[in-house]
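Protein chains in written order, with our numbering: chain B, 198 to 310; chain G, 7 to 327.
Laid out in structure tokens, this is it:
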């Protein structure tokens, strides 16, 4: 039987999964490559595993939400990602949804407290 | 560097060809950045143990490749409950079918050790095959079909709360009825389990005289059960059919009961007075058995009739309310 820590960890991961995509899309309103994106997210308090970040970026690109291009920086080729027009539109809708959810949760959690 | 290239090659082998070069180019840059960071932290000297630790930290090649490929489930969460329900039903039907076939083979005179050995070996293979076949169908629905089709439903198609006999019980009853019917018309023969003590038991002429009515009763029972299995939601019709079946059973058995003589006891090596005692006891046993069966059938018919009446009354009250 999973102990309390396992249960909490599983729920925490579930809670983070959806919000990480929102954070990545939000951060990519400015162009980034993987390394700088990861650091920018970490600076805002959101750590993300590299092994999960790069596949996520590819998936979002294949869904048409991101565009990418290879460019040289610091004598090395980097893949820079940024929001596509579809990504920007989707992000705006997701932000509205997030705010609604946040408001509802705040109300519920304050009531419970 | 060699370790990094081997690591990338291991990931690349698991990636689709069209994306491979692109993914590996990006991964190579990511790992080079990490290596640079490692060099900066250790004043320029990096051992192969450090690189190994870095790669272990990044993840197993199969895990990393799987993240890029995405890992579609064989049976996803939407399809899973339908797969599980179908699988359970299929396995139960196969197991019951095998038990019935083995029972028929056992009673029809085949060597019991051979029957058990053959049935145990083939039931395992068939159950594994059934598991594979059902899983394959649902994996195909998951992969190529529209799983949403499975979750489209109408509340009015739900089985009734009071659906009576469980389908599995009904299936077992049907299989036993079919086996009896096949024996009754002489298509299968059961082994004589009586120890050979020179005693012979035969059915009295009353059974042959009622051959067709007994045949008709079992045909009606099988047809009723098949109808109930196909149309479980027709609760009232199914109850009426069961009530009719019990009444029919009692009616069929009544002339049999009145005959007063059901088995012929004979034996070359048994004295006539012992035969007469046996005959009396056998007939007494049959009398009690048949009489009880008629009584139980009439009670069951009454119970079904009562439930039917109660159902009608509830429906009528519901309409008035």
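Here a beta-carbon is modelled for each residue, glycine too, at the ideal position from N, C-alpha and C.
No experiment lies behind these values; they were computed from the predicted model shown.
Going straight from the alpha carbon of residue i to that of residue j, what length do you get?
| i | j | result |
| --- | --- | --- |
| residue 240/G | residue 224/G | 21 Å |
| residue 141/G | residue 180/G | 28 Å |
| residue 223/B | residue 88/G | 39 Å |
| residue 320/G | residue 302/B | 45 Å |
| residue 217/G | residue 266/G | 17 Å |
| residue 255/G | residue 119/G | 37 Å |
| residue 208/B | residue 214/B | 10 Å |
| residue 238/G | residue 154/G | 25 Å |
| residue 285/B | residue 49/G | 43 Å |
| residue 32/G | residue 233/B | 14 Å |
| residue 316/G | residue 252/G | 19 Å |
| residue 286/G | residue 260/G | 20 Å |
| residue 178/G | residue 273/G | 37 Å |
| residue 268/B | residue 258/B | 17 Å |
| residue 215/G | residue 207/G | 18 Å |
| residue 222/G | residue 232/G | 15 Å |
| residue 211/B | residue 250/G | 57 Å |
| residue 244/G | residue 230/G | 7 Å |
| residue 161/G | residue 246/G | 25 Å |
| residue 338/G | residue 86/G | What the structure shows of chain G is the stretch from 7 to 327, and residue 338/G is not part of that stretch, so it cannot be assessed. |
| residue 227/B | residue 20/G | 32 Å |
| residue 210/G | residue 164/G | 49 Å |
Apart from the five residues just before and just after residue i, which ones in its own chain have a Cβ nearer than 8 Å to its Cβ?
| i | result |
| --- | --- |
| residue 22/G | 75 |
| residue 97/G | 133, 136 and 137 |
| residue 284/G | 205, 271 and 276 |
| residue 176/G | 231, 234 and 235 |
| residue 238/B | 220, 221, 224, 244 and 245 |
For residue i, write down the residues that DSSP places opposite it in a beta bridge.
| i | result |
| --- | --- |
| residue 264/B | 279/B |
| residue 229/B | 278/B |
| residue 272/G | 206/G |
| residue 322/G | Answer is none; residue 322/G lacks a bridge partner. |
| residue 273/B | 270/B |
Please check if any C-beta of chain G sits within less than 8 Å of the C-beta of residue i.
| i | result |
| --- | --- |
| residue 272/B | no |
| residue 164/B | Examination of residue 164/B is not possible in this model, given that chain B is present from 198 through 310 alone. |
| residue 249/B | yes |
| residue 231/B | yes |
| residue 255/B | yes |
| residue 268/B | no |
| residue 213/B | no |
| residue 276/B | yes |
From the beta carbon of residue i, is the nearest beta carbon of chain B less than 8 Å away?
| i | result |
| --- | --- |
| residue 73/G | yes |
| residue 56/G | no |
| residue 298/G | no |
| residue 52/G | no |
| residue 178/G | no |
| residue 70/G | yes |
| residue 65/G | yes |
| residue 148/G | no |
| residue 32/G | yes |
| residue 35/G | yes |
| residue 38/G | yes |
Quick one: what's got a C-beta closer than 6 Å to residue i's C-beta in the same chain, skipping five residues either side?
| i | result |
| --- | --- |
| residue 30/G | 14 and 18 |
| residue 70/G | 17 |
| residue 227/G | 183 and 251 |
| residue 307/G | 249, 252 and 253 |
| residue 57/G | 9 |
Excluding the 5 residues flanking residue i on each side, which residues of the same chain have their C-beta closer than 7 Å to its C-beta?
| i | result |
| --- | --- |
| residue 100/G | 132, 133 and 136 |
| residue 216/B | none |
| residue 281/B | 261, 262, 263 and 264 |
Can residue i be considered in contact with the ligand ATP, in the sense that its beta carbon sits closer than 7 Å to one or more heavy atoms?
| i | result |
| --- | --- |
| residue 193/G | As for the ligand ATP, it is missing from this structure, which has no ligand bound. |
task = Pair every Cβ in the stretch 137-155 of chain G with every Cβ in the stretch 84-102 of chain G, then say whether three or more of these pairs are closer than 8 Å.
result = yes
key: At least three beta-carbon pairs within less than 8 Å, the stretch 102-111 of chain G to the stretch 121-130 of chain G   = yes
message = If contact is defined by three or more beta carbon pairs under 8 Å, each pair taking one atom from either stretch, is the stretch 278-298 of chain B in contact with the stretch 238-247 of chain B?
response = no
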